[in-house]
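Chemist: These protein sequence lines map, in sequence, to chains A and B.
Residue numbering for the first sequence follows our numbering, beginning at 20 and increasing consecutively.
Residue numbering for the second sequence follows our numbering, beginning at 8 and increasing consecutively.
Think of the CB as a built atom: it goes at the ideal place given N, C-alpha and C, for glycine as much as any other residue.
Just so we're clear, the structure is a prediction, and the values are computed from it rather than from any experiment.
Input: one structure, supplied below.
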Amino acid sequence: MGPKIRVLLAKPGLDGHDRGVKVVARALRDAGMEVIYTGLHKSPEQIVEAALQEDADVIGLSSLSGSHMALFPRIVELLKEKDMFEDTLIIAGGIIPDQDYESLSAIGIEGIFGPGTDTDEIVNYIKQNLKRPI
Amino acid sequence: MTKESIKLVNIEELREKWESSYNQRVNRHPERLKKFMTTSSKEIQNLYDPTDIPEDWSYQEDLGYPGRYPFTRGVQQSMYRGRLWTMRQFAGFGSAEETNQRFKFLLENGMTGLSVAFHLPTIYGRESTHLMSLGEVGKLGVAIDTLKDMEILFDGIPLDKVTTSMTINAPAAILLAMYITVAEKQGVSSDKIGGTIQNDILKEYIAQKSYIFPPTPSMRIIVDIMKYCSTHVPRWNTISISGYHIREAGSTAAQELAFTLADGMEYVRWAVEAGMDIDEFAPRLSFFFNSHNDFFEEICKYRAARRIWAKFIKQYNPKNQQSLWLRFHTQTAGCSLTAQQPYLNVVRTTIQALAAVLGGTQSLHTNSLDEALALPSEEAVEIALRTQQLLAHESGVTNTIDPLGGSYFIERLTSEMEKEAEEYFHKIEQLGGVIPAIEKGFFQTEISNAAYRYQKEIEEKERIIVGVNDFQKDEKIEIPILYISDEVADRQIRRLNQVKEERDNVAVKSALDKIKKAAEGTDNLMPPIIEAVKLYASIGEICDVLREVFGEWKGDQLF
C-alpha cells in the first residue's frame, strides 16, 4: 500500500460558507486520508502554494458564491505553470450550476459534487481517479 | 392544569398503565423506527400528558399572557389580530439598478419591508476592484462601493414610508451612515427612518465568518453605533442578534437558541459597561432566527427564546416594558432546500414558515424554490411571498394568539430547550465568556460536530430527506436560473473609478484621517464615518483605515 492520500481542501475567494467543506474534510479523514483545510478567503496563488507545500495528491475546491468560473481556471493555470497539474486530481463542490460543468470539465475539473451528495461518493471518486497508484 | 388537579385524578398511575399496555403492544408490533427524533437529533416520547409538565412549572410564571412577562405567548398583546408580521424578502443581486427594480417589484406585490443582500466585497469591506473581489462582484448580493450606489439602490423608494433591514456586519457603521445620508437627501431626517442593521459580529466568528477586525475593536464599533443611534436614529434596530447563520452552519436548534442568546447577553454587558442605561438600547435589539424542518422543535425554540431573554433583561431593572421583549425576524432554512426535485422546496418552506408564525415572529422571509441552485428568479420569489400571504389570509392560524400554548408537548419541549440553553450558558461562562469561547473554537467545534452528525444520519438513512436519500427521481428537473453576467462587474468598476475621479479627493483624504484618529482614540466613530461617506469615500477605503488601526481576524482551520 502506498502512502496515505493527501487532500488539500480550499475555499477560494471571499465565500464564507464552510459547512460543506468541513463535513467533507471529516468524511475524507474518516476514510483514512490525510486532510489539510486551508481555512477561508484564499486566493488562487495561496491555494496552489499550499498544495505545493503540502504535497497534495488532491485539491478540493469549495465554492458557493458563484465566483468559481473566475477562480477555478486561474488555479488550473497556476498548477500548470508549476508543473503540478499532471499529478494532482482537482475536484470541486458547492453551488455550481449545470451549465458550467462542461467548461470546468474542459479545463480538467471533472469531479463536481453538488448539494445532497453522499460523502462516500466523493471518497470513491478520489480513490478511482487519483493520479498515482494507491 | 395545576399540579393539584393532576394529583386529583391520579394521573401518574393512569399514565403508567397506559405505558405498560403500549409496551406490550410494541413487543408484538414494533414501532416504525428505533428512535423518533427531531431535526436536531433530540429524542421525542410517544406521548405527552400532564405528568410531563415540569414540577416547578406554573402558568403564571412560565407562560403568562401575550404582551405580559415572561412573554412566552408573544410580545404584543394582540399579536396577528392587531397587525400581521412584516413580510420582508431578502433581496440583492447584480448592480444597484437591478436590485432597485427587484425592490419595486416586491413592494408592488405586497411586500411590506425591504431587506438588502450585499455582495461579498461589500460584506468584507473590499472595493469591487480589489484582487479578492475577482468573480464576486454582484454575485451573492448587490454591489455597493460608495454612496453613489446607495442613492441608486433606493431611488424612488420613500425612506420615511418603508423600513429597511440590511444584512451587514463588520462594515455596518458605514452602510448605516450611507442610509442616513440617502434619507437626508430625500428630505427625511434620521429620527424618521426605521430599519435594522444586522451588526452581529459575534456570530460571524462563530458561524457566518464574514468578520474583518478582531472581536474587541469590533465590539467597540458596535457600542459606538448603539450610542449614536440612541440619540440620532431612535427608530433603528442597532443589532439583529442572529441564530440564522449558526443554524445554517449546521447547529442544532438548542445550539442556535443558546449561542444566539449568549451573544445577545454579551452585547448587553458591553453596552451597560460602556455606561448606557438598559432602556436606552435594549428596546432596539432584535433577533433573527432560522426555521428548519422540525415543526414543533422550531415553535418551542422561539417560545423558549422569549422567556429566557425576558428573564435575563429583568435583572437590569428596566423601566420600559419593551426592553424585555425579544422581537425577531425569521427566515426559513436555506440549508434545508434541495437541488433534487426543487418544487418540493415550496412545501418545505410553507411548513417552516407556519412554524415561525405559530412561534410568534415579527417578520418573515420565505425562501424561494430555486435557492439550492442559485439566487432566486422573480417567478420563484413571487411564489415565496405568496406563501406568506396565504398563511396570513387563508390558513386561519392568525385568528387566535399562540394557539399551541398549553399543549403538553409544546410546553415540555419549550422548557427542555430553555434548560439546554442554560446548560450551554454555563459552559460558555466556564470558558471565560463568549469571546474566549470563540478564541478557543468552542462554538465552531460544537457546530461542525452537529453538522457532521446530521450528514451521517442522512447517509445512513436514519433521517429521510425526500428526493435526496429516498423517493428519488432519475429524471433531472430543469428550472429557470438567475444568472449574473460578468458585465455587472465591468460596470461597477467603471462607476467606482468615475466616482473617485469626480469627488474631492483632498477632502476624502482628510475625512479618512479623522476616522483614523477616532479609531485610535475613544471618540464615537459614527460622525467621522458619516462625513467620509458624504464625500463618497468607499467602503473599502474606510475599512482599510480601520484595518490599519484594529488589525484583522484570521479565522481558524478547524474541522
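B/Phe566 touches chain A at which residues, Cβ-Cβ below 7 Å?
Modeler: The contacting residues are Lys41, Ala44, Arg45, Tyr56.
Chemist: Pull out every residue of the stretch 110-140 of chain A whose Cβ sits closer than 9 Å to any Cβ of chain B, in chain order.
Modeler: Those residues of the stretch 110-140 of chain A that come within reach of chain B (Cβ to Cβ, closer than 9 Å) are Ile114, Pro116, Asp117, Gln118, Gly133, Pro134, Gly135, Asp137, Thr138, Asp139.
Chemist: With 7 Å as the limit, tell me which residues of the stretch 116-128 of chain B have their beta carbon closer than that to any beta carbon of chain A; keep them in chain order.
Modeler: Cβ contacts with chain A come from Leu127, Pro128.
Chemist: My output table needs one value for B/Ser384: the three-state DSSP class, helix, strand or coil.
Modeler: Reduced to three states, the DSSP call for B/Ser384 is coil.
Chemist: Are at least three pairs of beta-carbons, each pair with one atom in the stretch 169-188 of chain B and one in the stretch 216-225 of chain B, less than 8 Å apart?
Modeler: The stretch 169-188 of chain B vs the stretch 216-225 of chain B: in contact.
Chemist: Once the 5 residues before and after B/Ala444 are set aside, which same chain residues still bring their CB inside 7 Å of it?
Modeler: Closer than 7 Å at the Cβ level, and outside the excluded window around B/Ala444, lie Ile435, Leu438, Phe450.
Chemist: On the three-state DSSP scale, how would you describe B/Phe43?
Modeler: Looking at B/Phe43 - three-state DSSP - the assignment turns out to be coil, as it is neither helix nor strand.
Chemist: Whole angstroms is fine: what's the gap from B/Ala514's alpha carbon to B/Leu166's?
Modeler: Taking the straight line joining both Cα atoms gives about 28 Å.
Chemist: Residues in the same chain with beta-carbon distance under 7 Å from B/Ala457, minus the five sequence neighbours each way, listed in chain order, please.
Modeler: Excluding positions up to five away in sequence, the list reads Gly257, Ser258, Thr259, Gln262.
Chemist: Which complete alpha helix (DSSP H) runs does the stretch 88-161 of chain B hold, if anything under 4 residues is left out?
Modeler: Those alpha helix (DSSP H) runs which fall completely within the stretch 88-161 of chain B and span 4+ residues are 103-115, 127-130, 154-160.
Chemist: Taking the alpha-carbon of A/Tyr144 as reference, which of A/His36, A/Gly39, A/Glu68, A/Gly112 has the nearest alpha-carbon?
Modeler: Ranking the options by Cα distance to A/Tyr144, first place goes to A/Gly112.
Chemist: How would you label B/Val474, buried or exposed, when you count the other beta carbons within 10 angstroms and need 16 or more for buried?
Modeler: Here residue 474 of chain B turns out to be Gly, not Val, going by the sequence shown. Looking at its Cβ environment, which holds 16 or more other Cβ atoms inside 10 Å, B/Gly474 is buried.
Chemist: Checking 8 Å against the spacing of the C-beta atoms, do B/Gly1 and B/Glu305 come in under that value?
Modeler: With chain B running from 8 to 566 in the structure shown, residue 1 of chain B is simply not present.
Chemist: Within this structure, are the beta carbons of A/Asp110 and A/Val77 separated by less than 8 Å?
Modeler: Correcting the residue type first, residue 110 of chain A is Ile in the shown sequence and not Asp. The answer is yes: Cβ separation under 8 Å.
Chemist: Are the Cβ atoms of B/Asp286 and B/Asn244 separated by less than 8 Å?
Modeler: Against a cut-off of 8 Å, the Cβ pair of B/Asn244 and B/Asp286 comes out as no contact.
Chemist: What are the residues in the stretch 80-92 of chain A lying within 8 Å of chain B by C-beta distance?
Modeler: Against chain B - using a Cβ distance shorter than 8 Å - the residues of the stretch 80-92 of chain A are Ser84, Gly85, Ser86, His87, Met88, Ala89, Leu90.
Chemist: B/Met424 and B/Cys342 look like a contact to me (Cβ under 8 Å); what is the Cβ gap, rounded to whole Å?
Modeler: Contact doesn't hold; Cβ gap of about 20 Å is too wide.
Chemist: Use the C-beta contact count for B/Asn34: other C-beta atoms within 10 angstroms, 16 or more gives buried, fewer gives exposed.
Modeler: Exposed, since its Cβ has fewer than 16 Cβ neighbours within 10 Å.
Chemist: Which one or two residues does DSSP pair with B/Asp477 in a beta bridge?
Modeler: DSSP, once it has assigned bridges, lists B/Val473 as partnering B/Asp477.
Chemist: Identify the contact partners of B/Ala458 in chain A, using a Cβ-Cβ distance below 8 Å as the criterion.
Modeler: Ordered by position in chain A, the residues that pass the 8 Å Cβ test against B/Ala458 are Arg38, Lys41, Val42.
Chemist: Going by DSSP, what residue range makes up the beta strand (DSSP E) through B/Tyr251?
Modeler: Segment 251-255 is the alpha helix (DSSP H) holding B/Tyr251; no beta strand (DSSP E) there.
Chemist: Under 7 Å between beta-carbons, which chain A residues line up against B/Ala317? List them in chain order, please.
Modeler: Neighbours of B/Ala317 on chain A: none; closest Cβ ~32 Å, over 7 Å.
Chemist: Buried or exposed: where does B/His400 fall if 16 or more other Cβ atoms within 10 Å of its Cβ makes it buried?
Modeler: Its Cβ having fewer than 16 others within 10 Å, B/His400 is exposed.
Chemist: From B/Asp231 to A/Gln118, what distance separates their C-alpha atoms?
Modeler: When rounded, the distance between both Cα atoms is 46 Å.
Chemist: If we cut at 8 Å on Cβ distances, does B/Leu40 have a partner in chain A?
Modeler: False, the Cβ-Cβ gap to chain A never drops below 8 Å.
Chemist: Going by alpha carbons, who is nearest to B/Lys516 out of B/Glu548, B/Thr529, B/Gly101, B/Asp207?
Modeler: Residue B/Glu548 is the option with its Cα nearest to B/Lys516.
Chemist: Quick check on A/Leu71: does DSSP put it in helix, strand or coil?
Modeler: Correct three-state label for A/Leu71: helix.
Chemist: Mind listing, in chain order, the continuous alpha helix (DSSP H) runs of no fewer than 4 residues lying wholly within the stretch 184-248 of chain B?
Modeler: Fully enclosed alpha helix (DSSP H) runs of 4 or longer: 222-239.
Chemist: Is B/Ile213 buried or exposed, if buried means 16 or more other CB atoms sit within 10 Å of its CB?
Modeler: With 16 or more Cβ atoms within 10 Å of its Cβ, B/Ile213 is classed as buried.
Chemist: Taking B/Thr405 as the query, report the chain A residues whose CB atoms sit under 9 Å from its CB, ordered along the chain.
Modeler: Result: empty, since nearest Cβ-Cβ is about 33 Å, beyond 9 Å.
Chemist: In the DSSP output, which residue or residues are listed as bridge partners for A/Ile55?
Modeler: In the DSSP output, where bridge partners are listed per residue, A/Ile55 has A/Leu27.
Chemist: In the DSSP assignment, what residue or residues form a beta bridge with A/Ile109?
Modeler: A/Ile78, per the DSSP bridge assignment.
Chemist: Name, going along the chain, the residues of the stretch 447-473 of chain B whose beta-carbon falls closer than 7 Å to a beta-carbon of chain A.
Modeler: Of all residues in the stretch 447-473 of chain B, Ser455, Ala458, Tyr459, Gln462, Glu466 have a Cβ within less than 7 Å of some Cβ in chain A.
Chemist: List, in order along the chain, the chain A residues whose C-beta lies closer than 9 Å to that of B/Ala312?
Modeler: What B/Ala312 touches in chain A: nothing, since even the nearest Cβ is about 23 Å away.
Chemist: Do B/Leu542 and B/Ala518 have their CB atoms nearer than 8 Å?
Modeler: Yes, Cβ-Cβ distance for B/Leu542 and B/Ala518 is below 8 Å.
Chemist: From B/Phe302, B/Gly282, B/Leu392, B/Ala190, pick the residue whose C-alpha is nearest to that of B/Ile51; which is it?
Modeler: Nearest C-alpha to B/Ile51: B/Phe302.
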